[in-house]
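Residue numbers (the numbering used here), protein chains in the order written: chain A, 90 to 428; chain B, -15 to 281; chain C, 168 to 721.
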C-alpha cells in the first residue's frame, strides 16, 4: 500500500508540473500586450516599460516560467489584470459558488442516476431498460447551455415557479443579513440558521443545478447499469445465484458494492467535467462562480486569471483522481495491483 | 490517471434475445438519426429552401418571422431562413467532428504505437504527457486555446483535437503493448522483420477495431464541445451556419422569438444523441471486450 | 468616450482591498452579524448606516436596484474613473455643474452661479455654501481646486477635458476661478460625466489616496455613499443614503441603491418581471417591445449621444482610394440596419447626434447601389477583380455582430469581400494601433459618445491627425481639418453660431471624403418598475440614473 501511495503521489506531482508548463505555454500564446491591458490605453511608453518590469515581461521566458511555477507552489498565482486582485483571492470567492453548484448537481445526479442504473440492470432488455438507456443517453447528449435556457423559459418565464438568476434575493441582505463562513450560500445559511436566505438560496439553486446535473445523471446511470451487469456476470455472483440467493440479494448486496467502485471513479471524472460545464451555465444564471469569472477573464484577455482558472480545474481533476485511486486501492486489492 | 474503469461488457451469450433486440433498437434509432443528419449535410443545397441564407445573404425586411409556410422554422435577426441554416449547419458540425477525430488519431496513433511498442522510459514519458493533457477537461483547454487563436471553425477543431488525442494515444498504446509483449514479435525480430513492418502489419490492424469504436463514440462528444465553443463565441463566426453559434445569437430573443434558439439546440441534441446511441451500439457489437472507455470531454 | 468594456482604464492599479469585496451584508447591518472578514466600508459608510438614518427624513426603506449589463466598478478613483462605474459614482460625487439635456443648458450643482469674461479665457464660479464632503470636511473653493488639480495631475481617464486650464485660483472659500490658455466652455466642461468630480483630496490623511479609494471608499458630496462592493458578484455594489446630504432628504427618496451586474439581457428582463430589479440599462429591442406591449413595466426611450461609426482606413489598402470609400458608404443599407435593430437604433444624420452643438439635419447617408458600383468600376474593380477588406468589431456586442453581418452582405453586392473579425476591444484597438500599417484593419467599427455634452470629443479624438495613431482609426491626415478642429473650443466658448457652422463644414468634408461612416445613433431603451417615478434619461450622462431625483411610490 505504501509503495502504491508513493508511486501514485509521484505521478500526480509530475502531472501537476506538466499542467503548470502547459498553462504557461498557452498563456504565452495570448495575443495582445498584457502590459497595455494592465496599464491602460492612455499610458505613456515609460509607464508601459515600468509595468513590463513589474510584471516580469522583460525577462526571458524560461525565467518567467520558473518564476510562475515557484509562485504557483507558494500561493502566488499572479495578479488579475482585470480585477487587479491576486488571482487566488478572486478564485477563493468564485470557487465556493461553483463548488456549491457542482456538488449539489452531483448529489442529485448520484441520487437519481444510481437507482436508475440499478433498475435498468435488473430489468435489462425490457422496456424500462430501453427507456432508461435512451433517457440517460439524451442526458449526456444535452447541450447544457441550451438546457439552461429551456429551464429558464419553462420554470421562470412560463410557469413562474422558480427564480431566474443569482444566488438569493438581494433584498434579504437588509431583512436577514447572511453571515459569511464558507461562501457557499446554502451552507452559510444552514450554519447561521438563516432560514429566509436558505429557502431563497435553494430556490435559486434549483435551475442551474438541474442544468449542470444532466450530464452526470446520465453518465452515472449508464455506468451503474454497465458495471452491475458486469459484476452480475462474475463467478461469485453466479455462484450465489446457483445457491439460490434471490435477485434482491444479488443486486442489493453482492453485486452492488463492487459495481459502485467504478461509479465512484466516474464521479471524480465527472466532477472536473462539471466544473468546466459551469462555464456554459453560470453566465445564463448569473451565478457568481468560476465559470462567470473565467468567461470574464477570457473576454478581457486576462492572462493570469485564465491561467488561474485552468490551473485550478486541472489541479482539482488531478487531486480528485488521486483521491479516488487511493481510496479504491485502500478498499480493493485488485485495484491496488493495477496501480 | 486511468483508474480501474470497468469493462462495460454485454454478456452476449447469456443475454436474452429481447435485450439484444432493445439494444439494437436504440442503436438503430441512433443510426437512423445519423443517417438523417448525413443526408441533410450532403443534400443541403437541394433541401434548403434558400441556400444563400447559409452564406452571406441577409434580408432585414423579413427579420424574425415566426415559423410559417414560407419559412418552416422561421427567420433569424437578419432575416435568414433558419431551416436552411440548420441544414448547412449539419455540414459544419460533421466537418468539425471529422477534423477533430482525424487530427486526434493522426497525433495519437504514432505516439501510442511507439510508446506501447518501445516501452520503458519513452513509454513512461509519453504516458505522463497524456496524463497532463487529460487533466484538462476538453472544454476548458479548448476554451483557453480558442481564446488564444483567432476564433474560427478550423481553430476550434484544432483546440478540441489538442485535448482529444491522448485518448487515442492510450488506446493504441495498449494494443501495441499487447502485440509487443507477445512471443510473436520476438520470433519475427529473430527472422529479421523490421520494427516498422511489425508496427504496420501487426500493431496497426489490431488497433483498427477499438479506434473505430472509440471514434464513433467520440463523434457526439466532439459535436457537443464544438457547439459549446461556438456558443461562447470562440468557434464558428457568422455567417458560418453553426448550431451553437445560432443558439447564442438567439439567446436574448428566447422569450420573444423562441424559434431562433429552439431549433438549433434541438439539432445539437438530436445529432449528439444519434451518434452516442450508434456509438454504444457499435461498441457492443465490434468490441465486446470493451477496451475503450467513455469519454468525458 | 469609448466604452472600455470592463477593461480598467485607470493608469495605476487601484489595489482593491481585501475587505471590500467580501461581506455578504449591507453596511448598515448591525455589527456582530458581520462575516469573518466583513469589516467592509467601515469608515464613511458607517455614518450613513441603517442606525443613523432613522433620525433623518427618509420616509421609506426603498431600494433602487439597477440591473446593468457590464461590470460596475473597475476604478473607484474619481480622478481617473473612465469606465462603467460612473453610473454609480455620479450618485456619490458631484460636479460644479450639471448639463440638462432637455433645455440644452448647463445648470448649477455645487456651483450656484458662474461668469466668464468676453474672451472666454477666465471663468469664475460661486460655490454653494454649507456643503460638506462625506468625510465631514466643508467644500471650499480651495478643496475644489485641489480636487481638479489632482485630477489634472494624474492625467488618467478623461483628464484631458481640462487641457485649456492654465491655473485655478481660490481667492476665498466660495470663489473658484479658472484662467485658461485658450477659450473653452468651462461651465460645460465642469459638467462632465468623467474627471469633473469634486472630492476631498485629504480623505486619506497622510496615506495614499489612490489606494484609499481602491478600498471602495469615497470622499464625495453626493446623496449616496459607497456601502459594500462585491467584485464579480451579481449584487456588485451597494450605495447607502448620506444623511447630511446638502440638498436634504425632504419627500420620498430611495434609501439604498443596488447595482447589479447581469450580463444576460433575458435575465435582466426577468429580474424586472419578478420585481427584483427596478431598472435595466438596456434590453434587446425585442424584449423591450415585449415589455412595452405587456404594460406591466414602465418604459422610457430617447435617442442618445452615442453613435456607432465605421472608420475607413484612409492610409493603406483598397480604402486609400477615396472612390472605394465612397462606394462603401453608398453600398450600406442604412435603413436595413436600423430596421434589424428594431427600435434600439435611430438613423444618424452626420457624425454628431441630435441634441448637441453641430448637429445638422439632412446629412444622413443613403444606399445607392448603382452609384456605388460605378465608383468601384472607376476605381478599377469589377468583373473578376474583387476587393478584400478586414472589418473589426467588438466581441461582446450583439448589435455590432448583427451590423457586421449586414455590412458583409451589403459590400458583397459591390464586389467587396469582407472578413469580419470580432475581437476583444483591447485587441481590436491594439491591432488598429499596429506600428506596421499592413497589420491594421480596413474598417473599424466602434461606438463613441462625449465625455460632456459637446461634440468636440468626436473630432479631436477621431479625426485630428495623430502619429502614432490613438483613437483616429481612420488614420486621417488633413492639416486643414486639424486647423479647424483646433479652433473649435475657442469658438464654442465665444461664438456658438460660428462653432455650429464650423462643425457642419467639417462633417460635410469628412462625409464627402467617406473618412468614416456613421451607421446609426443608439436609442436608449430603458425598462423600469412602474413604482419608480421621476426618471428622465439624460444622454449627457450615458446610462446614469440619478437616484436622488427618483421617487419610490406605492
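Every residue, glycine too, gets a C-beta built ideally from N, C-alpha and C.
query, result
"Can you tell me which residues form a DSSP beta bridge with residue 343 of chain C?", "C/292"
"Rounding to the nearest angstrom, what Cα-Cα distance links residue 219 of chain B and residue 245 of chain A in this structure?", "30 Å"
"Going residue by residue through the segment 417 to 444 of chain C, where are the continuous beta strand (DSSP E) segments of at least 3 residues, counting only ones entirely within it?", "423 to 428"
"Based on Cα-Cα distance, which residue from A/177, A/229, A/409, A/402 lies nearest to residue 310 of chain A?", "A/229"
"Since residue 692 of chain C meets chain A, which of its residues come closer than 7 Å, beta carbon to beta carbon?", "In chain order: nothing, as chain A lies at least about 20 Å away."
"State the beta-bridge partners of residue 273 of chain C as determined by DSSP.", "C/266"
"Please list the terminal residues of the continuous beta strand (DSSP E) segment that includes residue 146 of chain A.", "Where residue 146 of chain A is concerned, there is no enclosing beta strand (DSSP E), given that its DSSP letter is neither H nor E."
"Could you pull out every unbroken alpha helix (DSSP H) segment of at least 4 residues lying fully inside the segment 361 to 424 of chain C, listed in chain order?", "376 to 381"
"The segment 211 to 240 of chain A: which residues have C-beta closer than 9 Å to a C-beta of chain D, in chain order?", "Structure shown: chain D not included; protein chains present are A, B and C."
"Evaluate residue 719 of chain C with the Cβ neighbour count: other Cβ atoms within 10 Å of its Cβ, from every protein chain shown; 16 or more gives buried, anything less gives exposed.", "buried"
"Buried or exposed: where does residue 370 of chain A fall if 16 or more other Cβ atoms within 10 Å of its Cβ makes it buried?", "buried"
"Could you tell me the boundaries of the beta strand (DSSP E) in which residue 284 of chain A lies?", "Counting along the chain, residue 284 of chain A falls outside any beta strand (DSSP E), though it belongs to the alpha helix (DSSP H) covering 284 to 321."
"Can you tell me which of the three DSSP states residue 241 of chain B falls into?", "coil"
"Verify the CB distance criterion: does residue 406 of chain C have a CB-CB separation below 8 Å to chain A?", "no"
"So what does DSSP say about residue 215 of chain B, is it helix, strand or coil?", "helix"
"According to DSSP, is residue 168 of chain A helix, strand or coil?", "strand"
"At the 8 Å Cβ level, is residue 350 of chain A part of the contact set with chain C, yes or no?", "no"
"Kindly indicate which residue of C/327, C/308, C/331, C/426 has the alpha-carbon position closest to the one of residue 259 of chain A.", "C/426"
"Determine, using beta carbons only, whether residue 562 of chain C comes closer than 8 Å to chain B.", "yes"
"Give me the residue from B/264, B/105, B/161, B/173 with the minimum Cα distance to residue 191 of chain B.", "B/161"
"Short check: CB of residue 161 of chain C to CB of residue 706 of chain C, under 8 Å?", "Absent from the model: residue 161 of chain C. The displayed extent of chain C is 168 to 721, so no value can be given."
"Contact criterion: CB-CB distance below 8 Å. Does residue 441 of chain C meet it with respect to chain A?", "yes"
"With DSSP as the reference, label residue 350 of chain A as helix, strand or coil.", "helix"
"Any beta carbon from chain B within less than 8 Å of residue 459 of chain C's own beta carbon?", "no"
"Determine the chain C residues that contact residue 366 of chain A at a beta-carbon separation under 9 Å, and present them in chain order.", "The premise fails here: residue 366 of chain A is roughly 17 Å from chain C at the closest Cβ pair, so nothing lies under 9 Å."
"Does residue 263 of chain B get closer than 8 Å to chain C when you measure Cβ to Cβ?", "no"
"Residues of chain A with CB closer than 9 Å to the CB of residue 431 of chain C, please, in chain order.", "254, 372, 373, 374, 375"
"State the Cα-Cα distance for the pair residue 586 of chain C and residue 555 of chain C, rounded to the nearest angstrom.", "8 Å"
"Within its chain, find whatever has a CB closer than 7 Å to the CB of residue 39 of chain B; leave out the 5 residues flanking it on each side and keep chain order.", "223"
"Taking only beta-carbon positions, decide if residue 606 of chain C is within less than 8 Å of chain B.", "no"
"Closer than 9 Å, Cβ to Cβ, to anything on chain A: give me those residues from the segment 242 to 255 of chain B, in chain order.", "242, 245, 246, 248, 249, 250, 252, 253, 254, 255"
"Hey, residue 480 of chain C and residue 641 of chain C: beta-carbon distance below 8 Å or not?", "yes"
"Which partner residues of residue 585 of chain C appear in the DSSP bridge assignment?", "C/556"
"Start and end of the beta strand (DSSP E) containing residue 611 of chain C?", "610 to 615"
"Does any residue of chain A bring its CB to less than 8 Å from the CB of residue 180 of chain B?", "no"
"Would you mind sorting residue 99 of chain A into buried or exposed? The rule is 16 or more other CB atoms within 10 Å of its CB.", "exposed"
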